[in-house]
Amino acid sequence: MKKISQLYSTSVGKKLLVAVTGAIMYGFVVGHMLGNLKAFAGPSALDQYAEMLRQIGQAFLGNGTFLWIARIVLIVAVIVHVITVIQLVQRNSRAKPTRTVRRRNASTLAAKWMAISGTLILIFIVVHIAQFTLGWFTPHAAGTEGFVHGAVYSNLWGAFQLWWVALFYVAMMAMVCMHVYHGAWSMCQTLGLDAPDRNAAIRGAAAAIAIALFVGFSAVPISMLTNSIQSPTDDSSMTEAFEPDGSSESSRSKEGAG
């Protein structure tokens, strides 16, 4: 533990921790996006996928427990990530310039942006869980079904029929993806992968990943807002799966998969 503490006290140790927690966040983001894209296969496909996630480890942990463990790991990773980035920003601000003032200021500005965006992303995650998992507040358009635990597609549809909800999520995903871009580049620097002859390629790859994530995440709210994909009421199998009396397995679930 002493060696770990000593490593964390160094800038290199902090940067490594930022890279590790960033990788955890990145893995979660990619997995979540791929799951969301099942919405384009129809309401049943997305709801069945969500139910499958809730059943992971059910025999040992109980229904939905694995998802909560994953969420807690994600939130802890984000908190550690943000705190460590803030510490690096403070350390950089106190450090004397080693090359040029302009380069140091640019680096500090980027680090400050990562700290601010990371904090906002943490708040967004909490809001997202409160809305689509716990159902603590559930804004939805008039004429759509209210929140139903486990009815992921219907819950998304009702929310994203409101333009301001869809816009909020698209804007937040833009911030997440900008964070991913800066984070991917910083991680390459931390791992010593950057070099003058390949920096352009690394930045290009980071930008491509960020853009792909933004398009993937934004596609669902935009498509639902513009009625470009199937309405929940057009899927009879989904309607039967979520009867008002709560007789289905998914209706009995105590949480969503968001």
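Numbering-wise, our numbering puts 12 at position 4 of the sequence shown, and it's gapless, one number per residue.
Ideal placement from N, C-alpha and C gives every residue a C-beta, glycine not left out.
Hey, out of the options, whose CA is closest to residue i's CA?
i    : options                   : result
Q139 : V160, S125 and M122       : V160
Y34  : A218, L45, I124 and G151  : A218
K120 : T146, R99 and V134        : R99
T29  : L61, G43 and V188         : V188
V156 : F132, L142 and A149       : L142
V90  : M181, T146, G191 and L175 : G191
State the start and end residues of the unbroken alpha helix (DSSP H) segment that holds residue i.
i    : result
E59  : P51 to R62
N71  : Where N71 is concerned, there is no enclosing alpha helix (DSSP H), given that its DSSP letter is neither H nor E.
T141 : Run containing T141: none; DSSP gives neither H nor E here.
A208 : N207 to L233
T152 : Note, T152: premise wrong, no alpha helix (DSSP H); not H, not E.
L45  : Neither: L45 is in no alpha helix (DSSP H) and is coded neither H nor E.
G145 : One detail in the question is off: residue 145 reads as Phe in this sequence, not Gly. No alpha helix (DSSP H) contains F145, which DSSP labels as neither H nor E.
G65  : Premise fails: G65 is in no alpha helix (DSSP H) and is neither H nor E.
Whose C-beta lies closer than 8 Å to the C-beta of residue i among residues of the same chain, with five residues either side of it excluded?
i    : result
S239 : W165
G224 : M41, L42, N44 and L45
Y16  : K22 and L25
G65  : T73 and F74
M9   : none
Return the CA-CA distance between residue i and residue j, expressed in angstroms with no decimal places.
i    : j    : result
S19  : L96  : 7 Å
R62  : R79  : 12 Å
V81  : T127 : 16 Å
I133 : M122 : 16 Å
L175 : F168 : 9 Å
A49  : P229 : 15 Å
K83  : W76  : For the sequence presented, residue 83 should be read as Ile rather than Lys. Approximately 10 Å, taken between the alpha carbons.
A47  : A53  : 7 Å
L69  : R211 : 41 Å
I237 : G200 : 44 Å
T241 : A67  : 33 Å
D55  : N163 : 10 Å
I131 : Q197 : 27 Å
M232 : A216 : 25 Å
T267 : R206 : Summary: the structure shown does not reach residue 267, with the chain confined to residues 9 through 266, and so no result is reported for it.
Among residues of its own chain, excluding the 5 on either side of residue i, which ones have a beta-carbon nearer than 6 Å to its beta-carbon?
i    : result
W172 : none
I32  : A85
Only counting the same chain, and skipping five residues up and downstream in sequence, which positions put a Cβ closer than 7 Å to that of residue i?
i    : result
I129 : V86, M183, V184 and H187
Y57  : G43 and K46
Could you check how far apart the C-beta atoms of residue i and residue j are, in whole angstroms? I think they sit under 8 Å.
i    : j    : result
S125 : V178 : Going by Cβ atoms, the distance from S125 to V178 rounds to 16 Å, so no, they are not a contact pair.
V37  : L221 : 6 Å
L170 : A203 : Incorrect: roughly 47 Å between the Cβ atoms, too far for contact.
T146 : G154 : 7 Å
A208 : W193 : Not confirmed; about 11 Å, so no contact.
A27  : M180 : Not confirmed; about 23 Å, so no contact.
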